[in-house]
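The sequence shown begins at 1 in UniProt numbering and counts up by one. Notes for the one structure printed next.
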Amino acid sequence: MNPAYYHANLKKKDNSVPRFTLKTVKRYAKVVSVYDGDTCDLVFYINTQNMNQDKPVRYKCRMLGYDAPELEEKPSGELARGYLTHLCTGGDAHTHNAVENLRTEKRVQQKLDDNKNSLVYAEFGGPGKYGRQLVTLYQISKEEEDDSTSCDMVASESSEDNVPPIPTSINTMMAQYINTLP
1 MNPAYYHANL KKKDNSVPRF TLKTVKRYAK VVSVYDGDTC DLVFYINTQN MNQDKPVRYK
61 CRMLGYDAPE LEEKPSGELA RGYLTHLCTG GDAHTHNAVE NLRTEKRVQQ KLDDNKNSLV
121 YAEFGGPGKY GRQLVTLYQI SKEEEDDSTS CDMVASESSE DNVPPIPTSI NTMMAQYINT
181 LP
């Protein structure tokens, strides 16, 4: 694009331009950082139609529907962060073992960095009060990842017999887990 043309058009813009939001956006994403039990960073493509030319983006996100203990609230804050990491890397909700020792920031990041096989499905709800994108995350199977229609089916409200049931969100699993913490 011609820089002079770009700058001239940009100078004509005013306050009537709507704010950019991810509200209603649904994408496959990779969790690359977990700060605590309800805050994580996601990497995904905005333009899924032209990924060869599009660069991935990274957003700090706040999980919708629950409030996790802060990290200073030991051991609950660390346990919540470890469980969110476990779920976002494809771990089974029923086989989580707190002894896996995902209680330090270094071990959490190592588990995320080692994760080369698991994605999540993200439904964005727009920005929260601190500017983080609000999100509901779903675990996806390898079969769903390879199925081009699964993006639509995850959030489908159809009652047709051939549509799989809506999976339990990571958010719901986290809310249930948090209720069991000391």
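Note that the Cβ used here is the ideal one computed from N, Cα and C, for glycine as well. Model, not experiment: these values are computed from the prediction.
- Residues that Cys61 bridges to, as DSSP identifies them: Per DSSP, the beta bridge partners of Cys61 are Cys40 and Gln133.
- Message: Please report the straight-line C-alpha distance between Arg19 and His7, rounded to a whole angstrom.
- Response: C-alpha separation (whole angstroms): 19 angstroms.
- Would you kindly work out how many angstroms separate the C-alpha atoms of Leu112 and Tyr130, rounded to a whole number? Between the alpha carbons of Leu112 and Tyr130 lies a gap of roughly 24 angstroms.
- Presumed contact (8 angstroms Cβ cut-off) between Arg58 and Val43, rounded CB distance: Separation of the CB atoms of Arg58 and Val43 is rounded to 5 angstroms, and the pair is thereby assigned contact status at 8 angstroms.
- For Gly126 versus Thr21, is the C-beta distance shorter than 8 angstroms? Yes, the pair counts as a contact, with Cβ atoms nearer than the cut-off.
- Message: If the criterion is Cβ atoms closer than 8 angstroms, does the pair Gly90 and Ser118 meet it?
- Response: In contact: Gly90 and Ser118 (Cβ atoms closer than 8 angstroms).
- Message: So if DSSP puts Phe124 in a beta bridge, which residue, or which two residues, is it bridged to?
- Response: Partner(s): Val135.
- Query: Does the Cβ-Cβ distance between Leu181 and Pro69 come in under 8 angstroms?
  - Reply: When the beta-carbon positions are compared, Leu181 and Pro69 come within less than 8 angstroms of each other.
- Task: On a CA-only basis, which of Asp14, Val31, Ile46 and Glu100 is nearest Ala25? Give me that one, please.
- Result: Correcting the residue identity first, residue 25 is Val in this sequence and not Ala. Restricting attention to Asp14, Val31, Ile46 and Glu100, the CA atom closest to the CA of Val25 is found in Ile46.
- C-alpha distance - Arg27 paired with Gly77, whole-angstrom precision: Their backbone Cα atoms lie some 28 angstroms apart in a straight line.
- Message: What residue range does the alpha helix (DSSP H) around Ile170 cover?
- Response: Note, Ile170: alpha helix (DSSP H), Ile170 to Ile178.
- Taking the C-alpha atoms as reference points, what is the distance between Leu86 and Lys12? Correcting the residue type first, residue 86 is His in the shown sequence and not Leu. So the alpha carbons of these two residues sit roughly 48 angstroms apart.
- Query: With burial defined as no fewer than 16 other Cβ atoms inside 10 Å of the residue's Cβ, what is the status of Lys23: buried or exposed?
  - Reply: So Lys23 ends up on the exposed side.
- Message: Out of Ser141, Gln53 and Asp92, which one is the CA nearest neighbour of Tyr121?
- Response: Tyr121 has its Cα closest to that of Ser141, out of Ser141, Gln53 and Asp92.
- Query: So what's Arg81 in DSSP terms, helix, strand or just coil?
  - Reply: Here Arg81 sits in helix by DSSP.
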